[in-house]
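Worksheet: the structure to be examined is printed underneath.
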Amino acid sequence: KIFQAVVSNIGGDGTIYIIPKSFETALNKLMAEIQNTFKGLGLLIPYSWKKGEACVVRGSDTVWYRAKIVEVNGSTLQVQYIDHGYIESIPQCHLYPTTFYTSIPPFCIPCQLYKTLPIGNFWQQDAVDYLQELLKNEEVEIHVEELPDNPWGKLSISLYCGGMSLSSFMAYQKYCVVEDCQDIQKLGVFEGDLSPSYLLQPLPVPGETFPVTVTHLVSPKEVYICLDSSGNLTKRSATERAASHDSESLAKALKWCNKIVKTLPHLTDFKKELPCLAEYVDGLWYRAKLLSITQLVPVQVLVQFVDYGTYLVAPTNRLRHIPCHLLKYPAQAVRVLLAGFKPASDDKNVERIPYSPEWSLKALWTMVDCVEGKRLSASILTVSPDVTISLYGDDKNLVHLKLIEMGLAELDE
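Okay, so the sequence shown: first residue is 1 according to UniProt numbering, each after it adds one.
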């Protein structure tokens, strides 16, 4: 069985507590009911607590939770929040004994990684801390491998974050040994990898109109577009739905990669078109490919972010190996030429685009205003030698008409 879940806690012994996404509505309903039933403080009169007894606990956030007594130490009790997994020492005045809700099973499931042996036969504290940092409150994919012998035992699972196996990653970090470690190869962070490359984004058929966003402009005529994943689901073609699913899965995978990026080796090979992860000016890491070395001392490399089309000159410490599972998603940005117009022969603006001097800078900035943040649509005219499209604004008019009105471009039949 495969399902999505949120990691609620990592136990001190490395137990992974998960709440299946399908349980969230029922858990929220129960929590609301508990808040309505219990008000104010806990039980203030003396009471003889017993290990394993059911209770409700007023947490440090003043919210009431279901719990059970794990240890009795005088006036302080050690309790486990049964719907979230964590254990805490609480003064007696914050607890209330109850048999309410005991017929409802706990919403969180204790799990262990399948066929995964921690170094030293138990999870060391640094490994537990690392698991907590990586997984707490993250949405993950769970593959059930083996049921426990008793109902209160741990479920044996394979856990995937953004498409990467947690067991394989922890083994790569030398925290554990995995019996079946084929997945370690999939991390794709080993020297001597075959030169991989990005897949091309499948495009709708010519003549079909589809929603797009413009992610980068090289000139008014040459832009990078992404298929827009928002909009009416029922009206979208199979190509658009697949692109939308890829985009969402890629976002999750990149979020995970940003968490573990310091464990990925820096690039030492600078072959042209080589896929990599590159750090953008916002401090986040994105998929990129190498274009050229622009400076030797110190080494500076020109890269292009394949999901946006934008370029960056980066030092080598901002380039890292890309895990192989990130290569299964097509490059989201597609280079296209816009049809129907050409530079105005009488454009008197002196400031020109240095790498495309047939266009004025004013024409470029006008086109930026026409497309930036706008809901656009496109229709493919040709796919060879270049993908050529007609691009329409949210008013359904061709975007280049504004440039023609301003004398910055002219019609090109």
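Backbone N, C-alpha and C define an ideal beta-carbon position, used for all residues, glycine too.
(request) Could I get the ranges of all uninterrupted beta strand (DSSP E) runs contained in the region 45 to 105, with 3 residues as the minimum, in chain order? (result) For the region 45 to 105, whole beta strand (DSSP E) runs of length 3 or above, ordered along the chain, are 54 to 58, 64 to 73, 76 to 81, 87 to 91 and 95 to 97.
(message) Am I right that I101 and R66 are in contact with their C-beta atoms under 8 angstroms? What's the rounded C-beta distance?
(response) Note that residue 101 corresponds to Tyr in the displayed sequence, not to Ile. The C-beta distance from Y101 to R66 rounds to 6 angstroms, short enough to fall under 8 angstroms.
(message) Between the region 70 to 90 and the region 138 to 153, can you find at least three pairs of beta-carbon atoms closer than 8 angstroms?
(response) Taking 8 angstroms as the limit for Cβ pairs, the verdict is that the region 70 to 90 does not touch the region 138 to 153.
(request) Measuring alpha carbon to alpha carbon, tell me which of K221, P330, L361 and A363 ends up nearest H245. (result) Checking every option, the nearest Cα to that of H245 belongs to P330.
(request) Under 7 angstroms Cβ to Cβ from R318, same chain only, skipping five residues before and after it: list those, please. (result) Leaving aside the five residues that flank R318 on each side, the residues in its chain whose CB is nearer than 7 angstroms to its CB run, in chain order, A278 and E279.
(request) Please state whether DSSP places F270 in a helix, a strand or coil. (result) In the structure shown, the three-state DSSP call for F270 is coil.
(request) Check whether the region 198 to 211 touches the region 351 to 370, counting contact only when three or more Cβ pairs, one atom from each stretch, lie closer than 8 angstroms. (result) Short answer: they don't touch.
(message) Using C-beta distances below 7 angstroms, list every residue in its chain close to A5, excluding the 5 sequence neighbours before and after it, in chain order.
(response) The residues are I18, I19, P20, K21, V140 and I142.
(request) Measure the C-alpha to C-alpha separation of V177 and Y308 and round it to an integer number of angstroms. (result) Looking at the two C-alpha atoms, the distance is approximately 38 angstroms.
(message) Does F38 come out as helix, strand or coil in the three-state DSSP assignment?
(response) In the displayed model, F38 falls within coil according to three-state DSSP, outside both helix and strand.
(message) Given this structure, state the Cα-to-Cα distance separating G153 from P110, to the nearest angstrom.
(response) Distance between the alpha carbons of G153 and P110 is about 7 angstroms.
(request) Could you round the C-beta distance between H321 and L267 to whole angstroms and report it? I think they count as a contact, below 8 angstroms. (result) About 6 angstroms separates the CB atoms of H321 and L267; that is less than 8 angstroms, so the two are in contact.
(request) Starting from Y308, follow the beta strand (DSSP E) in both directions and report where the run begins and ends. (result) DSSP places Y308 outside any beta strand (DSSP E), giving it a letter other than H or E.
(request) Ignore the nearest five residues each way along the sequence and tell me which others in L408's own chain have a CB closer than 7 angstroms to its CB. (result) Answer for L408: A344, D347, S360, K362, A363 and T366, listed in chain order.
(message) How far does the beta strand (DSSP E) with W359 in it extend, from its first residue to its last?
(response) Run containing W359: S356 to S360, per the beta strand (DSSP E) assignment.
(request) Could you spell out where the beta strand (DSSP E) holding E146 opens and where it closes? (result) Segment E139 to E146, the beta strand (DSSP E) holding E146.
(request) Could you give the DSSP three-state label for F107: helix, strand or coil? (result) F107: coil per DSSP, three-state reduction.
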